[in-house]
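Everything on this sheet refers to the single structure shown next.
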Amino acid sequence: MTQALAVSTLVLGGSGFLGAHVVAAAWKRERRRPDDSRGRIVCASREPARGPTFWQPRDAVELVGVDATGALGSIGSTSATGAIGAPGSIGATGSTGATSATGFTGATGAERSELERVLDDLAPARIVCCAALARISECERDPARAEAVNVELPRSLARWCAARGARLVHVSTDLVFGASSPTSGGFVESDPTAPISVYGASKARGEVAVLSADPHALVVRLPLLFGDSGGRALGASDSLVAAVRAGEQPMLFRDEWRTPLDASNAAEALIELADSRASGILHVGGPVRLSRVELGHLVLRAAGKKSAELYGLVRAGTRAEAGLAATRPCDVALDTTRALEHLSVTLLAPREALARRAAGLFRTIP
Numbered sequence: 013m014t015q016a017l018a019v020s021t022l023v024l025g026g027s028g029f030l031g032a033h034v035v036a037a038a039w040k041r042e043r044r045r046p047d048d049s050r051g052r053i054v055c056a057s058r059e060p061a062r063g064p065t066f067w068q069p070r071d072a073v074e075l076v077g078v079d080a081t082g083a084l085g086s087i088g089s090t091s092a093t094g095a096i097g098a099p100g101s102i103g104a105t106g107s108t109g110a111t112s113a114t115g116f117t118g119a120t121g122a123e124r125s126e127l128e129r130v131l132d133d134l135a136p137a138r139i140v141c142c143a144a145l146a147r148i149s150e151c152e153r154d155p156a157r158a159e160a161v162n163v164e165l166p167r168s169l170a171r172w173c174a175a176r177g178a179r180l181v182h183v184s185t186d187l188v189f190g191a192s193s194p195t196s197g198g199f200v201e202s203d204p205t206a207p208i209s210v211y212g213a214s215k216a217r218g219e220v221a222v223l224s225a226d227p228h229a230l231v232v233r234l235p236l237l238f239g240d241s242g243g244r245a246l247g248a249s250d251s252l253v254a255a256v257r258a259g260e261q262p263m264l265f266r267d268e269w270r271t272p273l274d275a276s277n278a279a280e281a282l283i284e285l286a287d288s289r290a291s292g293i294l295h296v297g298g299p300v301r302l303s304r305v306e307l308g309h310l311v312l313r314a315a316g317k318k319s320a321e322l323y324g325l326v327r328a329g330t331r332a333e334a335g336l337a338a339t340r341p342c343d344v345a346l347d348t349t350r351a352l353e354h355l356s357v358t359l360l361a362p363r364e365a366l367a368r369r370a371a372g373l374f375r376t377i378p
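With my numbering, you'll find the sequence shown wraps up at 378, consecutive numbering, no jumps.
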C-alpha cells in the first residue's frame with residue numbers, strides 16, 4: 013500500500029478570495045518539486061467544497077471543514093458557487109470520512125483541543141493563515157468576535173507551530189496603519205502601528221500575538237487586493253465590476269491611498285515566503301501608490317469601459333462624504349523593499365496585472 017504523502021501546506025481560510033489563490037499557488041509550487049519531495053496541500057475553511065472554479069480539478073489538494081471565522085470577510089470568506097468532489101479529499105462533496113472541526117475561535121479548552129487535534133492529525137509542515145474577520149463594519153459591530161478571529165486564532169496557530177517546529181505565515185493588513193500618513197513613499201516594517209478601526213487594531217494585536225508565541229513565524233502585511241474571485245464579486249476589482257453591471261454607481265474615494273496588488277500575485281509571494289527563512293514582519297504591496305478612484309478607473313478600463321464613460325459609472329468622493337472618515341485611512345501605502353530581498357516573483361503594478369489578466373496571460377492555474 014502506498015504511503016500517503018505528508019501535508020506540506022495547510023491554507024486556513026483557503027476558499028476565500030485570497031486563500032483560494034494561495035491554494036492554487038501552493039499547488040503550482042508543489043508541482044514543480046521532484047516527485048519524491050512533493051507533499052499534500054490542505055485547504056481548510058468553513059465550506060471547503062464551495063470554492064472558485066479555478067480549483068478544479070486538483071490532484072494533491074485536500075479539503076477539511078473548519079469554522080474559523082463565523083462570519084464572512086474579504087480574506088478567508090467562503091461564499092461561493094463552485095463545488096469540488098476530488099477523489100479522496102477530506103471534507104469534499106461526496107467524499108467519505110470527512111473531517112470537520114468547529115471552535116477554532118472559541119474560548120473553552122475543549123474547543124482549543126479540537127483545533128490541536130485537527131492540526132496534529134494533519135501535521136502540516138507549514139500553515140498559511142488567511143482566515144480573518146476582515147469586513148470593517150462587521151468588526152465595528154462585534155469587537156469581541158474580531159478579537160477571537162483576528163487575535164486568538166492566530167495565537168493558537170502560532171503556539172502549535174512553535175511546539176511542533178512547523179512554519180507559520182500569518183496574513184495581516186496595511187490597515188494596522190492609518191492614524192497618520194507615511195513620511196516617505198510608504199510605511200516600512202519598523203514604523204509603529206496606528207490603526208483607526210477595530211479591524212486594524214485587532215490585526216495589529218494579532219501580529220503581536222503570533223510573534224510572541226512563535227518568534228520564527230512570518231507576518232505578511234498585504235494591501236488592498238484585486239483580481240479574479242471565481243465569479244464571486246470579491247476584491248476591489250470584481251466587486252466594482254459587478255456593482256457597475258448591476259446598475260449601481262459606487263462611490264470611490266479620491267482621498268484614500270493604497271498600494272494595491274493582484275491577489276494571485278500576492279499568493280505567489282506568500283508561498284515563496286513560506287519556503288524562505290524570513291521571520292518577523294514583511295510588507296508585500298504593489299509597486300504603485302493609487303487612490304481608490306484611480307484604481308477603479310483602471311479596473312473599469314480593463315473591463316472594456318471607455319474613458320469617457322468612467323465618471324458616469326462611479327462617483328469620486330471623500331471618506332467624509334461617505335461618513336467613513338473615522339474608520340477608513342487616508343494613506344496606508346506600503347514600502348516593499350525588504351520583502352523583495354526574499355522574492356523572485358515580480359510584484360506587478362495594477363495596470364499591468366489587469367492588462368495581463370484581460371488578455372488571458374495571468375492565469376491562476378496553467
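The beta carbon of each residue, even a glycine, is placed where N, CA and C say it ideally should be.
The beta strand (DSSP E) enclosing Glu74, as first and last residue numbers | Here the beta strand (DSSP E) through Glu74 covers 73 to 78.
Integer Cβ distance of Gly247 from Leu234, believed to fall under 8 Å | A Cβ-Cβ separation of about 12 Å leaves Gly247 out of contact with Leu234 under the 8 Å criterion.
Quick one: Cα of Leu360 to Cα of Ala258, how far?
-> Within the model, the alpha-carbon separation for Leu360 versus Ala258 is close to 29 Å.
Let me know if Ser224 comes out buried or exposed under the rule of 16 or more other beta-carbons within 10 Å of its beta-carbon.
-> With fewer than 16 Cβ atoms within 10 Å of its Cβ, Ser224 is classed as exposed.
Can you say whether Ala216 is buried or exposed, counting buried as having 16 or more other CB atoms within 10 angstroms of its CB?
-> Classification of Ala216: buried, given that the 10 Å Cβ count is 16 or more.
To which residues of the same chain is Arg363 closer than 7 Å at the C-beta, ignoring the five residues directly before and after it?
-> When the five nearest sequence neighbours on each side are left out, the beta carbons in the same chain lying within less than 7 Å of the beta carbon of Arg363 are those of Leu310, in order along the chain.
Counting Cβ pairs, one atom from each stretch, are 3 or more of them under 8 Å apart for the stretch 27 to 36 and the stretch 129 to 142?
-> Yes: the two stretches touch, three or more of their Cβ pairs being nearer than 8 Å.
How about the stretch 286 to 298 and the stretch 321 to 337: do they share at least three Cβ pairs that are nearer than 8 Å?
-> The way I'd put it, the stretch 286 to 298 doesn't touch the stretch 321 to 337; fewer than three beta-carbon pairs between them come closer than 8 Å.
Could you check the C-alpha separation between Arg138 and Leu294 for me, to the nearest Å?
-> Going by the C-alpha atoms only, they are around 17 Å apart.
Are the stretch 312 to 331 and the stretch 261 to 269 touching by the rule of at least three beta carbon pairs closer than 8 Å?
-> Touching, yes.
Exposed or buried, what is Glu74 when buried is set at 16 or more other beta-carbons lying within 10 Å of its beta-carbon?
-> Buried, by the Cβ-count rule.
Give the range of the alpha helix (DSSP H) segment to which Leu312 is assigned.
-> In this chain, the alpha helix (DSSP H) harbouring Leu312 covers 304 to 314.
Measure the C-alpha to C-alpha separation of Glu155 and Ser319 and round it to an integer number of angstroms.
-> Per the sequence shown, the amino acid found at residue 155 is Pro instead of Glu. When rounded, the distance between both Cα atoms is 41 Å.
Close Cβ partners of Ala38 (< 6 Å) along its chain, the five nearest in sequence each way excluded | For Ala38, where only same-chain residues beyond five positions count, the Cβ hits under 6 Å are Thr21, Ile53, Ile283.
Can you check whether the CB of Thr348 is closer than 7 Å to the CB of Gly308?
-> In this structure, Thr348 does not lie closer than 7 Å to Gly308 by Cβ.
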